[in-house]
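Undergrad:
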Amino acid sequence: MAELAVQMGKGPEAEQFDLSRLENFPYGTPKSPTMSYLSPLIGKNSLVSINGEMWKTLRKRFNSGFAPQHLLKLLPNIIEKVPPFLDHLDRFAETGETALLSDYTTNLTFDIIGMATMDMDFAAQKPPAERGELVTLYIELVDSFKALEDTPVSPWLLHPMVAMRQVQIARRIDPMIKTRSVLSLALEGVDNLTDDILQQTCDNLKTFLFAGHDTTSILLQWSFYELERSPKVAEALCAELDELFGPDTDPEVVMKALAERGDEIMNKMTYTSAFIKEILRLYPPGGSARLVPPGTGLFVTAPGGKSYCLDGMLIYLCPTVIQRDPEVFGPTCNDFLPERWIGDSDTSMRTNSGLVVGDGDKASAGGSTAGAGKKTPPSAWRPFERGPRNCIGQELANIESKIILACVARRYEFVKVGVGAIKRDEAGEKVMGDNGKYVAETELYSSRQITAKPVDGLVAKVRLKPGAKSRTS
Ligand code: HEM
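Using the working numbering, you'd call the opening residue of the sequence shown number 70 and step up by one each time.
Below you can see the structure in the form of structure tokens.
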């Protein structure tokens, strides 16, 4: 099987090279079977991996659960999951201990997705002994994937014991999720609850658990890092939050306002949205792998006019490469610059067409904004993928990350330790680079751990900002 990494988003020809929208495949270019190694985690009937009519039927079944109107009704329940996370941060601030922040962002997003999709309290943020069996098993299952090599060889050949354990855990998880599925399907009015329908629902709840916690956790980790590294951006974000929530940075005040007027306030969080958009541009957690079925007769014309036959090709859609294209984003393509999205900071599904890069504001973020005012090809920003197979959970991810940033950004300082730590001069002051960012001793980078995560899980110290009162005292 031939493989091709396709770079999209370059210039005006880019759209015809966008594999999410080819006429041959009304439901998107089929997913690659290489994803099947994930089936113990997401099930065989997962929306992420299935194709054709079956995908269409299931996507239709689940769409309404992720619609913005529905998610807004869940706002108070989402907000409820944030205080335990803040308590953990306060404890680190108080003790001065170094935190592995990924543990805490992951448990937080796990609690949110458990509530949003299964109406269940996973208690993932509690000590391990107090967590439910489902979450304990699920965490073990996710962790077991870290032991697998990044290779196309079946895990049954390289790591048979791990593969066997994965199947055992999946078998124990399924009945717990099926109980939940019966309940939700019965409420939806499914009269004939066949084994197939039950298994499909179970598999997709597992998919939501995985896709819905891991990705948003990564978004939060990079956000906390950039809050330290890009001080002018952090200042601009906090200024917006001051304007919307008032000068009191107490998270209780923020959460109360969001619970009462969440829709209105979140629509006004345009700088926060630009911040999230830029995090997802530079640090997208995932991409996609597609397989063009042999015999399709699919040709695409690449920028430059050369034509390629893609039949039988396995194609990787790599947003990390696409979203840093210098032809689209200019010399600042590798810089963290939320200002480039001003005027078009929306990160919702609406954004999947017709992007225009904003004018930017050199002064406010301390960087240049090459590409400013230029029309950006719609396919150049695609962290949630585009077209029919775009991410079903993107509105949920947007809502939860806005809530968490609103509670965290004005209250805590994060100080990276180890990889990515900020360089200090002889007087102990942070060294500023000429792009408005502090200089790092070594660059923090992503490594593949199913998805692309900050390599060390974001090891950092946490401090309370001046004036913030500890929640634990
Ligand atoms: C920052 C957060 C997120 C990012 C960056 C993200 C990214 C993506 C990407 C790139 C895809 C396409 C995958 C492919 O083509 O193979 C996708 C699909 C999907 N995502 Fe997300 N995701 C996020 C949050 C969520 C959440 C919160 C859920 C909640 C359930 C979710 C559920 C799904 C599902 C079910 C699909 C498959 C959709 C389909 O094919 O119909 N994701 N996501």
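Using N, Cα and C, we set each Cβ at its ideal position, and we do this for glycine too.
Would you list, in sequence order, the uninterrupted alpha helix (DSSP H) runs of no fewer than 4 residues that lie entirely inside the stretch 294 to 340?
TA: For the stretch 294 to 340, whole alpha helix (DSSP H) runs of length 4 or above, ordered along the chain, are 300 to 314, 320 to 337.
Undergrad: How far does the alpha helix (DSSP H) with residue 163 in it reach, from first residue to last?
TA: Looking at the DSSP string, the run of the alpha helix (DSSP H) that includes residue 163 is 151 to 164.
Undergrad: Over what stretch of residues does the alpha helix (DSSP H) that includes residue 174 continue unbroken?
TA: 170 to 187 is the extent of the alpha helix (DSSP H) around residue 174.
Undergrad: Just verifying my parser: in three-state terms, what is the DSSP assignment at residue 453?
TA: Residue state, collapsed to three classes: coil.
Undergrad: Cβ atoms of residue 405 and residue 302: under 8 Å apart, would you say?
TA: Taking 8 Å as the Cβ cut-off, residue 302 and residue 405 qualify as a contacting pair.
Undergrad: Hey, how far is the Cα of residue 529 from the Cα of residue 410?
TA: Cα-Cα distance, rounded: 28 Å.
Undergrad: Going by DSSP in three states, residue 517 sits in which element: helix, strand or coil?
TA: Residue 517 falls in the strand class under three-state DSSP.
Undergrad: With hydrogens ignored, establish whether the beta-carbon of residue 460 is closer than 7 Å to any heavy atom of the ligand HEM.
TA: Yes.
Undergrad: Buried or exposed: where does residue 368 fall if 16 or more other Cβ atoms within 10 Å of its Cβ makes it buried?
TA: Burial call: exposed.
Undergrad: Quick check: what's the CA-CA separation for residue 437 versus residue 401?
TA: Since pLDDT at residue 437 reaches only 34, below the 50 mark, its modelled position is unreliable, and the value read off the structure follows with that caveat. In a straight line, the C-alpha of residue 437 is about 6 Å away from that of residue 401.
Undergrad: As an exercise, report each continuous beta strand (DSSP E) stretch of at least 3 residues that is fully enclosed by the stretch 363 to 404, in chain order.
TA: The stretch 363 to 404 contains these whole beta strand (DSSP E) runs: 368 to 370, 376 to 378, 382 to 386.
Undergrad: Check whether the Cβ of residue 497 lies closer than 7 Å to any heavy atom of the ligand ATP, and answer yes or no.
TA: No copy of the ligand ATP appears in this structure; the ligands present are the ligand HEM.
Undergrad: If you run the structure through DSSP and keep just helix, strand and coil, what is residue 244?
TA: It is helical.
Undergrad: Should residue 207 be labelled buried (16 or more other beta-carbon atoms within 10 Å of its own) or exposed?
TA: Result: buried.
Undergrad: Quick check on this structure: which residue in 370, 350, 481, 104 has the alpha carbon closest to the alpha carbon of residue 540?
TA: Of the candidates 370, 350, 481, 104, the one whose C-alpha sits nearest the C-alpha of residue 540 is 481.
Undergrad: Under the DSSP definition of a beta bridge, which residues are partnered with residue 484?
TA: Bridge partners of residue 484: 530.
Undergrad: Could you pull out every residue in the same chain whose Cβ sits closer than 6 Å to the Cβ of residue 489, ignoring the five residues on either side in sequence?
TA: Taken in chain order, the residues that qualify are 509, 513.
Undergrad: Would you check if there are 3 or more beta carbon pairs closer than 8 Å linking the stretch 300 to 320 to the stretch 172 to 189?
TA: No: the two stretches stay apart, fewer than three of their Cβ pairs being nearer than 8 Å.
Undergrad: Tell me the residue span of the beta strand (DSSP E) that contains residue 360.
TA: Where residue 360 is concerned, the enclosing beta strand (DSSP E) stretches over 357 to 360.
Undergrad: Sorted by chain position, which residues of the same chain lie with C-beta nearer than 6 Å to residue 451's C-beta, five sequence neighbours on each side aside?
TA: Answer for residue 451: 388, listed in chain order.
Undergrad: Does the distance from the CB of residue 269 to the CB of residue 467 come in under 8 Å?
TA: In this structure, residue 467 does not lie closer than 8 Å to residue 269 by Cβ.
Undergrad: Can residue 455 be considered in contact with the ligand HEM, in the sense that its beta carbon sits closer than 7 Å to one or more heavy atoms?
TA: No, the beta carbon of residue 455 sits no closer than 7 Å to any heavy atom of the ligand HEM.
Undergrad: Could I get the ranges of all uninterrupted beta strand (DSSP E) runs contained in the stretch 110 to 153, with 3 residues as the minimum, in chain order?
TA: None, since the stretch 110 to 153 contains no complete beta strand (DSSP E) of that length.
Undergrad: Which residues in the same chain as residue 102 place their Cβ atom closer than 7 Å to its Cβ, once the five residues preceding and following it in sequence are excluded?
TA: Only 360 meet the Cβ criterion.
Undergrad: Which first and last residues belong to the alpha helix (DSSP H) in which residue 212 is found?
TA: Residues 202 to 213.
Undergrad: Let me know if residue 476 comes out buried or exposed under the rule of 16 or more other beta-carbons within 10 Å of its beta-carbon.
TA: Flag for residue 476 reads buried.
Undergrad: What is the DSSP secondary structure of residue 507, reduced to helix, strand or coil?
TA: Three-state result, residue 507: strand.
Undergrad: Could you name the residues of the same chain whose beta carbon sits closer than 7 Å to that of residue 493, not counting the 5 residues immediately before and after it, in chain order?
TA: Excluding sequence neighbours, residue 493 sits near 499, 500.
Undergrad: Look up residue 266 in the DSSP assignment and say whether it is helix, strand or coil.
TA: Helix, per DSSP.
Undergrad: What residue does the alpha helix (DSSP H) around residue 470 start on, and which one ends it?
TA: Counting along the chain, the alpha helix (DSSP H) containing residue 470 begins and ends at 463 to 477.
Undergrad: For residue 228 and residue 108, what's the separation of their Cα atoms in angstroms?
TA: Distance between the alpha carbons of residue 228 and residue 108 is about 16 Å.
Undergrad: Is it the case that the CB of residue 277 approaches a heavy atom of the ligand HEM more closely than 7 Å?
TA: True, at least one ligand heavy atom lies under 7 Å from that Cβ.
Undergrad: Does the beta-carbon of residue 356, which I'm using as the reference point, lie nearer than 7 Å to any heavy atom of the ligand HEM?
TA: Checking every heavy atom of the ligand HEM against the Cβ of residue 356, one is found closer than 7 Å.
Undergrad: At a cut-off of 7 Å, would you count residue 249 as near the ligand HEM, judging by its Cβ distance to the nearest heavy atom?
TA: No, since every heavy atom of the ligand HEM falls outside the 7 Å radius drawn around the Cβ of residue 249.
Undergrad: By the 10 Å Cβ neighbour count, where 16 or more other Cβ atoms means buried, how is residue 413 classified, buried or exposed?
TA: It counts as buried.
Undergrad: By Cβ distance below 6 Å, which residues in the same chain neighbour residue 430 in space, the five residues on each side in sequence not counted?
TA: Here residue 430 scores only 32 on pLDDT, less than 50, and its place in the model is too uncertain to base an answer on.
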